[in-house]
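J.:
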Amino acid sequence: MSEDRDRRSPEGSPGGLLDRRALLRGALSLPLLTPLLPRAVHGAVRDEAARAPWMARPGAPMRPYGAPSAHEASVQRTVMPEFGALAPGAGVSFTPLESLRGTLTPNGLHFERHHSGVPNIEPEAYRLLVHGEVANARVYSDASLDRLPHLSEVSFLECSGNSFWNAIEDLGERSCGELHGLFSCSEWTGVPLERILDEVQPTPEAKWLIAEGGDAAAMVRSIPLDVARRRGLIARFQNGERLRPEQGYPVRLFLRGLEGNVSIKWLRRLKLSREPVQARDETSKYSDMLADGTVRQWTLEMGIKSLITSPSPGMRLPKRGVYSVEGLAWSGAGTVSKVEVSADGGARWLDASLDAPAAPCAPVRFRIPWHWRGGK
1 MSEDRDRRSP EGSPGGLLDR RALLRGALSL PLLTPLLPRA VHGAVRDEAA
51 RAPWMARPGA PMRPYGAPSA HEASVQRTVM PEFGALAPGA GVSFTPLESL
101 RGTLTPNGLH FERHHSGVPN IEPEAYRLLV HGEVANARVY SDASLDRLPH
151 LSEVSFLECS GNSFWNAIED LGERSCGELH GLFSCSEWTG VPLERILDEV
201 QPTPEAKWLI AEGGDAAAMV RSIPLDVARR RGLIARFQNG ERLRPEQGYP
251 VRLFLRGLEG NVSIKWLRRL KLSREPVQAR DETSKYSDML ADGTVRQWTL
301 EMGIKSLITS PSPGMRLPKR GVYSVEGLAW SGAGTVSKVE VSADGGARWL
351 DASLDAPAAP CAPVRFRIPW HWRGGK
């Protein structure tokens with residue numbers, strides 16, 4: 001069999017993967033794809049006059065705020081039990097990545113990571129102090145931030161501990177979301193951090209930005225000022241609506257492409273400093289223990305990563321045939337422009353097709369056809 005035929009035919013494809021270009025050229029016959037058409041479609045064609053029960057009477061009235069269909073009630077975050085009295089309010093919830101399509105995460109399914117629960121902050125009482133190594137210290141209210149120019153950017157947010165289950169032996173079967181769901185993507189809207197910095201005028205000695213949250217844990221992180229200036233947003237909206245309390249309402253710091261813990265929620269203070277503060281949250285955790293016993297700090301940029309969302313653990317394929325293997329790829333360093341997929345342990349790779357080009361630090365969805373012949 002020639003190399004070209006091996007790439008195009010399902011019988012010779014690596015692990016059942018199919019070259020998408022061969023599909024477009026018609027190298028695969030229609031009968032191979034026909035079994036994918038549900039029988040219900042053929043039945044509907046034969047009986048065009050059939051009316052579904054829900055067409056017999058008017059439907060439900062409008063409501064002030066939309067909600068998912070009751071038939072999608074099973075699509076929920078997986079909530080890891082909190083630590084109780086040991087760490088009240090601390091916990092995580094995972095985005096059900098296997099149940100979603102596209103790249104944006106609905107606000108109600110965005111992952112959560114809290115260190116001391118979710119505070120209830122009144123927007124009228126909210127204040128953001130910006131001080132330290134600056135010429136003009138400022139205090140901003142939610143209303144004063146609202147008057148400043150806003151911009152929007154689509155970007156992922158990923159916990160630095162995402163995929164930690166992979167380090168546990170004998171884990172058993174877990175869904176894609178349970179394994180990798182400390183990752184979500186939204187359109188974030190707010191005031192560019194650079195605008196705030198221009199107003200307070202950092203001194204030449206200012207090299208670090210110290211961000212503090214307004215929850216009971218008062219989480220603190222140090223970020224290099226040049227990094228924060230390039231990537232920072234004082235975020236007030238998520239996917240078009242005001243931030244939800246669990247995402248930092250009324251204001252959070254958002255740092256595009258960096259590990260999630262530096263995007264401080266319920267932001268109450270920004271201090272410009274000559275040095276990092278070595279806060280509890282960047283010494284007791286969110287640092288990397290190396291094999292030689294030393295610790296590496298401030299490895300903030302999230303690396304390139306990809307995952308297959310469908311088919312994935314917990315899903316069942318009804319019968320043999322051609323399926324679309326789908327997934328997400330992203331990088332804190334920029335834009336993903338190419339994804340390759342292997343189904344034979346990495347011996348051979350085929351290009352996946354990508355959706356519309358992603359913005360920097362936004363995920364891209366990829367797809368590749370796969371011929372499943374049965375078995376595991």
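Each step along the sequence shown adds one to the number in our numbering, with nothing skipped, and position 348 is 348. Built from N, CA and C at the ideal position, the CB exists for glycine as well. As the structure is a computational prediction, the values presented were derived from the model and not from experiment.
#1: Using a Cβ-Cβ cut-off of 7 Å (strictly less than) and excluding sequence neighbours within five positions of residue 131, which residues of its own chain qualify?
#2: Please name the residue in 162, 103, 125 and 141 whose C-alpha comes closest to that of residue 155.
#3: Would you identify the three-state DSSP class for residue 262, choosing helix, strand or coil?
#4: In its own chain, which residues sit with a C-beta less than 7 Å from the C-beta of residue 33, not counting the 5 before and 5 after it?
#5: Can you list, in chain order, the residues of its chain whose CB lies under 6 Å from that of residue 216, leaving out five sequence neighbours each side?
#6: Taking Cβ positions only, does residue 314 come closer than 8 Å to chain C?
#7: If you compare alpha carbons, which of 280, 279 and 298 is closest to residue 288?
#8: Taking 8 Å as the cut-off, does the stretch 275-289 touch the stretch 136-153 (at least 3 CB pairs, one atom from each stretch)?
#9: Between 98, 143 and 111, which lies nearest to residue 123 when the distance is taken from Cα to Cα?
#10: Can you give me the Cβ contacts of residue 163 inside the same chain, cut-off strictly under 7 Å, excluding the 5 residues immediately before and after it?
#11: Using only alpha-carbon positions, find the residue among 228, 292 and 278 that is nearest to residue 263.
#12: Give the DSSP-derived three-state secondary structure of residue 330 in the structure shown.
#13: Can we say the stretch 235-242 touches the stretch 185-204, given the rule of at least three CB pairs closer than 8 Å?
#14: Considering only their Cβ atoms, is the gap separating residue 266 from residue 252 smaller than 8 Å?
#15: Under DSSP, the beta strand (DSSP E) around residue 114 begins and ends at which residues?
#16: Give the C-beta separation of residue 211 and residue 133 to the nearest angstrom, bearing in mind that I take them to be a contact with Cβ-Cβ under 8 Å.
#17: Who are the Cβ neighbours of residue 92 in its own chain at under 6 Å, not counting the five residues just before and after it?
#18: From the DSSP output, in three-state form, read off residue 144 for me.
#19: Tell me, please, which residues DSSP counts as bridged to residue 365.
#20: Would you tell me roughly how many angstroms separate the C-alpha atoms of residue 331 and residue 302, rounded to the nearest one?
#21: Secondary structure at residue 226, three-state DSSP: helix, strand or coil?
#22: Classify residue 180 as helix, strand or coil using the three-state DSSP reduction.
#23: Checking 8 Å against the spacing of the C-beta atoms, do residue 304 and residue 17 come in under that value?
#24: Excluding the 5 residues preceding and the 5 following residue 83 in the sequence, name in chain order all residues of the same chain whose CB lies nearer than 8 Å to its CB.
#25: Among all the DSSP beta bridges, which residues are the ones paired with residue 301?
#26: Hey, how far is the Cα of residue 177 from the Cα of residue 350?
T.: So, from the data block:
#1: 137 and 271
#2: 103
#3: helix
#4: No answer about residue 33 holds up, because its pLDDT of 45 lies below 50 and its placement is not dependable.
#5: Closer than 6 Å at the Cβ level, and outside the excluded window around residue 216, lie 116.
#6: Absent from the structure is chain C; it holds one protein chain and no more.
#7: Per the Cα distances, 298.
#8: Result no; under three Cβ-Cβ pairs closer than 8 Å.
#9: It is 143 whose Cα lies nearest to the Cα of residue 123.
#10: 179 and 180
#11: 228
#12: strand
#13: The stretch 235-242 makes contact with the stretch 185-204; the number of CB pairs closer than 8 Å reaches 3 or more.
#14: yes
#15: 112-114
#16: About 15 Å; that fails the 8 Å criterion.
#17: 80 and 113
#18: helix
#19: 328
#20: 6 Å
#21: In this structure, DSSP gives residue 226 a helical state, which the three-state scheme calls helix.
#22: helix
#23: no
#24: 90 and 91
#25: 258
#26: 25 Å
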